[in-house]
Ligand code: SAM
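In my numbering, the protein residues as written are 1492 to 1826.
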C-alpha cells in the first residue's frame, strides 16, 4: 500500500488492490503554447470548447471534496500548459486555502512574469519541463524559440521561493539523449533537481516507438560514469532518486516504461473537462462534470469519485500484447 490510511478521513480513496489515493492531478486546460514533438503534432489538435472546461468554482468544489472527505493531501495543477488558463492565480488562491501541498507543472515559458503572482497566491512548488539546453534543438523540439524564457523562468521560480524547483526532461533516443550529462550538470550547478522521464506512448502524433525509449538503466549509467551516484529509497513518488556522492544534490528518473510504479500508485487525475481518471493509461473516463452541472449533491459526487477509484486496474501494460493506447493523449489528460 502506498500511503498510510488516515483514520480522520471520512471516505479514503482505497482501491480494490488496497492502494490509498492521496495525490490529485488537475488539468486546467488542454491547450499549450508549445508543440513538443514527443507530445503533440504541430497542427490538428482539437481543443476543448471553453464551456466544456470546469470553472474555477467547479474545480474548487471537487478539490474541497477530495481533500476534506477523501484524504487528498497533494494537488498538482497541470495541462496542456496551465499558465495559459486566464487568471490562474485566482484558482491557485482558492486551492491554496485547502490543507494540501499545492504544486504546478509548467513549460516555464511565462514563469518570469507569473511566478511572483503564483507564489503570492499560495503555490508552493513548480516542476518545469526543459528537454534541451541547445537553442536550435529547443526550437526543433518545442517548435518555439523560447529557451531563454524558460531558463529565466526557472530563475524566477527560485527567486519567488517556489522551491524545490524540479526540472523534467523527457529523453527520446536520437533527439536529446546526447544531452543527459549536460542536463545533469545544469542541475548540479543551479541547485534544481533534474528528473529524466522515460518517453511514454501517450503522444498525440502517434510516433512513439519502444526503441526510442531511453531506459533508466542507460540514463543512470551515463551520469554515474562521470558523477558517481547512490540510490535513495523510493517512496510513493514515481521518481527513482539518486544522490551525487560528492554531495551536490540529487537526480531522479521516472521509469514509467521499464520499471513502472503502478503497485505504489497513489494518484488520480481530473481532466480539464471534468473527467476523472485513475491511471494515465485508463481507457475510460468517469464523468464528474455532468453530475456537477445537473445539481448532484456532495454525496453523489463522492460516489462518482469512489466508483472511479474502485475501477482502477492493477497497472498499465506498456510493452505487452494487451496494451491499448488511450484515446486521449498526454496533453489532453494532464501530465
Ligand atoms: N505544459 C506543462 C509542461 O510542459 O510541463 C504541463 C503538461 S506536460 C503534458 C507534463 C509533463 O509531461 C511534461 O514534463 C512533459 O514533458 C511530459 N510529457 C509529455 N508527453 C510525454 C510523453 N509522451 N511521455 C512522457 N512524458 C511526457
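Note that CB positions come from ideal geometry on N, CA and C, so glycine has one too.
It should be emphasised that the depicted structure is a prediction, and the values quoted were computed from it without experimental measurement.
Closer than 7 Å: residue i CB and nearest the ligand SAM heavy atom
| i | result |
| --- | --- |
| residue 1521 | no |
| residue 1688 | yes |
| residue 1529 | yes |
| residue 1821 | yes |
| residue 1536 | no |
| residue 1667 | no |
| residue 1570 | yes |
| residue 1620 | yes |
| residue 1557 | no |
| residue 1597 | yes |
| residue 1642 | no |
| residue 1678 | no |
| residue 1649 | no |
| residue 1810 | no |
| residue 1514 | no |
| residue 1826 | yes |
| residue 1661 | yes |
| residue 1694 | yes |
Nearest-angstrom Cβ-Cβ length linking residue i and residue j, presumed shorter than 8 Å
| i | j | result |
| --- | --- | --- |
| residue 1824 | residue 1760 | 6 Å |
| residue 1555 | residue 1589 | 6 Å |
| residue 1675 | residue 1718 | 6 Å |
| residue 1595 | residue 1609 | 7 Å |
| residue 1776 | residue 1791 | Not confirmed; about 17 Å, so no contact. |
| residue 1533 | residue 1634 | 6 Å |
| residue 1572 | residue 1510 | Going by Cβ atoms, the distance from residue 1572 to residue 1510 rounds to 29 Å, so no, they are not a contact pair. |
| residue 1644 | residue 1600 | 7 Å |
| residue 1821 | residue 1693 | 4 Å |
Member of the options whose CA lies at the smallest distance from the CA of residue i
| i | options | result |
| --- | --- | --- |
| residue 1649 | 1673, 1623, 1628 and 1616 | 1616 |
| residue 1805 | 1508, 1519 and 1667 | 1508 |
| residue 1778 | 1790, 1788 and 1762 | 1762 |
| residue 1679 | 1519, 1734, 1768 and 1821 | 1734 |
| residue 1527 | 1597, 1580 and 1516 | 1597 |
| residue 1498 | 1560, 1551 and 1519 | 1560 |
| residue 1552 | 1812, 1793 and 1816 | 1793 |
| residue 1737 | 1730, 1720 and 1548 | 1720 |
| residue 1817 | 1781, 1696 and 1785 | 1696 |
| residue 1802 | 1811, 1821 and 1768 | 1768 |
| residue 1642 | 1780, 1622, 1786 and 1575 | 1622 |
| residue 1681 | 1740, 1812 and 1708 | 1740 |
| residue 1550 | 1564, 1535, 1568 and 1665 | 1568 |
| residue 1657 | 1684, 1496 and 1640 | 1684 |
| residue 1781 | 1771, 1772 and 1543 | 1543 |
| residue 1831 | 1667, 1822, 1789 and 1579 | Here the chain covers residues 1492 to 1826 and nothing more, so residue 1831 does not appear. |
| residue 1699 | 1810, 1660, 1677 and 1726 | 1810 |
(message) My parser needs the alpha helix (DSSP H) runs of 4 or more residues fully inside the region 1644–1670; what are they?
(response) none
(request) Quick one: which unbroken beta strand (DSSP E) runs of 3-plus residues sit fully inside the region 1761–1807? Chain order, please. (result) 1766–1768
(message) Restricting to runs no shorter than 4 residues, where is the alpha helix (DSSP H) found entirely within the region 1511–1567?
(response) 1547–1559
(request) Output the residue ranges of the beta strand (DSSP E) runs that lie fully inside the region 1692–1735 and measure 3 residues or longer, sorted by chain position. (result) Annotation: the region 1692–1735 contains the following complete segments of the beta strand (DSSP E) (minimum length 3 residues), in chain order: 1720–1723 and 1731–1735.
(request) List in chain order: all unbroken alpha helix (DSSP H) runs of 4+ residues lying wholly within the region 1563–1640. (result) 1579–1587, 1602–1612 and 1626–1633
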